[in-house]
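Accompanying notes for the structure given below.
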């Protein structure tokens, strides 16, 4: 028995590993794992939220006034309050701009709160808390496009951002007839199929063209940071960066087709 | 007991990596702990490798980042140990090789270095722990 185990053991192990790798290539196992651990991620950040709610509850009414009066004499407390105000203002600005984005017709919009990010430098994948999201729904911040929903459960969604190599976005420059494709390259974006003679300048904002019908037209996608010529090629080598900052923003909006 | 503790710590590490990706410059906690475990005792591969697969899927949505390289550690170590005798250099080399894909996944050099350093510390502590358990 032991000899047989020793003889066939490594082969069984090899077959198991190969099968696992094959399965993971053809099924969204990673996304499922992410959605599975989403409640754990929320549970991990719950104490912080409880503490914030608890402290807000105590600050209400008379205590808040007393605290404000004391804050006038206490520079440290004032600075803390000011920074808190700035955070609230920023959140308010994000929410208002998300509301503006909702005016695009043909889509239903849901708010989504980021509950987890992949730990690479630019966070190419996100886990968001939302309701009613479906695969291939479009995700945006107040500044522009974030990416697509890859997998979803009733309460969570795994989002693949535009920096992921698997995502390609048809783009154009507002007011021009350029049609190009933005592809993720890890930490930057590559803008493909732009002829060198009509290449836009550095700093130009690319917006979704609406071609293919996957993304609503007119959403800002990327800002061009580098344009160079490839000898012997008609197309320019264009590098861009996303206009939206999903590492800073905590609220996103998800657009589902009606 | 050590097994459960390591599995629990690796899971917390994965959650911490995803939860505080923006606020903290952090190493890949789970990778450091799991490679350190496998280097401390080769026979732990039976439960370390599936955990590493879970780690790959959770953080990178792919099973082909660290898992295939880590799966090579036990057979390669057995072979090299048989050829030149059990020693540190081959283990350091394996640790270096397994952690290298981190740089190709958009992680900063500092995060990679932190992961390497943490793996060495975990490896050292676990060698003592496993020796104590024996």
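Chains as they are written, first to last, in this note's numbering: chain A, 1205 to 1462; chain B, 1211 to 1344.
Where a beta carbon is used, it is the ideal one built from N, C-alpha and C, also for glycine.
Query: Give the DSSP-derived three-state secondary structure of residue 1418 (chain A) in the structure shown.; Result: coil
Query: Tell me which residues share the same chain as residue 1397 (chain A) and place their Cβ nearer than 8 Å to its Cβ, disregarding the 5 neighbours each side in the sequence.; Result: 1383, 1384, 1385 and 1439
Query: Compare the beta carbon distance of residue 1234 (chain A) and residue 1309 (chain B) with 8 Å and say whether it is the shorter of the two.; Result: no
Query: Would you be able to state if there are at least three C-beta pairs under 8 Å between the region 1218-1229 of chain A and the region 1273-1292 of chain B?; Result: yes
Query: Could you tell me how far apart the beta carbons of residue 1329 (chain B) and residue 1305 (chain B) are, in whole angstroms, since I believe they sit closer than 8 Å?; Result: 6 Å
Query: Mapping the DSSP letters down to three states, classify residue 1214 (chain B) as helix, strand or coil.; Result: helix
Query: Which residues in chain B sit within 7 Å of residue 1324 (chain A), going by Cβ to Cβ distance?; Result: 1315, 1316 and 1317
Query: Mapping DSSP to helix, strand and coil, what is residue 1386 (chain A)?; Result: strand
Query: Return the CA-CA distance between residue 1345 (chain A) and residue 1402 (chain A), expressed in angstroms with no decimal places.; Result: 29 Å
Query: Got a sec: is the Cβ-Cβ distance from residue 1281 (chain B) to anything in chain A below 8 Å?; Result: yes
Query: Closest to residue 1216 (chain B) by CA distance: which of B:1235, B:1234, B:1285 and B:1259 is it?; Result: B:1259
Query: Assuming residue 1340 (chain A) contacts residue 1352 (chain A) (C-beta within less than 8 Å), just tell me the rounded distance between them.; Result: 6 Å
Query: Would the beta-carbon of residue 1377 (chain A) fall within 8 Å of that of residue 1408 (chain A)?; Result: yes
Query: Counting C-beta neighbours from all protein chains within 10 Å, is the total for residue 1255 (chain B) 16 or more, i.e. buried, or is it exposed?; Result: buried
Query: Closer than 9 Å by beta-carbon distance: list the chain B residues that pair up with residue 1390 (chain A), in chain order.; Result: 1314, 1315 and 1316
Query: Bridge partners of residue 1429 (chain A), per DSSP?; Result: Note: residue 1429 (chain A) sits in no beta bridge, so no partner.
Query: Roughly how many whole angstroms lie between the Cα atoms of residue 1316 (chain A) and residue 1395 (chain A)?; Result: 28 Å
Query: Which residue marks the beginning of the beta strand (DSSP E) containing residue 1354 (chain A), and which one marks its end?; Result: 1349-1356
Query: Can you tell me the Cα-Cα spacing of residue 1239 (chain A) and residue 1292 (chain B), whole angstroms?; Result: 44 Å
Query: Straight-line CA distance for residue 1445 (chain A) to residue 1425 (chain A)?; Result: 9 Å
Query: Please name the residue, chosen from A:1338, A:1373, A:1358 and A:1332, that lies closest to residue 1348 (chain A) on a Cα-to-Cα basis.; Result: A:1373
Query: Would residue 1328 (chain A) pass as an interface residue toward chain B - the criterion being a Cβ-Cβ separation below 8 Å?; Result: yes
Query: Does residue 1208 (chain A) come within less than 8 Å of chain B when only Cβ atoms are used?; Result: no
Query: What number of angstroms, rounded off, separates the C-alpha of residue 1437 (chain A) from the C-alpha of residue 1375 (chain A)?; Result: 21 Å
Query: Short check: CB of residue 1324 (chain A) to CB of residue 1236 (chain B), under 8 Å?; Result: no
Query: Just how far apart, CA to CA, sit residue 1233 (chain B) and residue 1357 (chain A)?; Result: 27 Å
Query: Please report whether the beta-carbon of residue 1298 (chain B) lies at a distance below 8 Å from any beta-carbon of chain A.; Result: no
Query: Run down chain A in chain order and give the residues with a C-beta less than 8 Å from the C-beta of residue 1257 (chain B).; Result: The premise fails here: residue 1257 (chain B) is roughly 13 Å from chain A at the closest Cβ pair, so nothing lies under 8 Å.
Query: Near residue 1213 (chain B), what residues of its chain come up, given a Cβ to Cβ distance below 7 Å and the 5 sequence neighbours on each side ignored?; Result: 1257
Query: Taking beta-carbon pairs under 7 Å, can you tell me which members of the region 1218-1249 of chain A lie near chain B?; Result: 1221, 1224, 1225, 1228, 1233, 1234, 1235, 1237, 1238, 1241, 1244, 1245, 1248 and 1249
Query: Roughly how many angstroms lie between the CA atoms of residue 1242 (chain A) and residue 1355 (chain A), to the nearest whole one?; Result: 12 Å
Query: With respect to the beta strand (DSSP E) encompassing residue 1410 (chain A), which residues constitute its N-terminal and C-terminal limits?; Result: 1409-1412
Query: Is residue 1256 (chain A) helix, strand or coil when you go by DSSP?; Result: helix
Query: Taking Cβ to Cβ, would you say residue 1388 (chain A) is nearer than 8 Å to residue 1371 (chain A)?; Result: yes
Query: Between which two residues does the beta strand (DSSP E) holding residue 1373 (chain A) run?; Result: 1372-1377
Query: Which of helix, strand or coil does DSSP assign to residue 1345 (chain A)?; Result: coil
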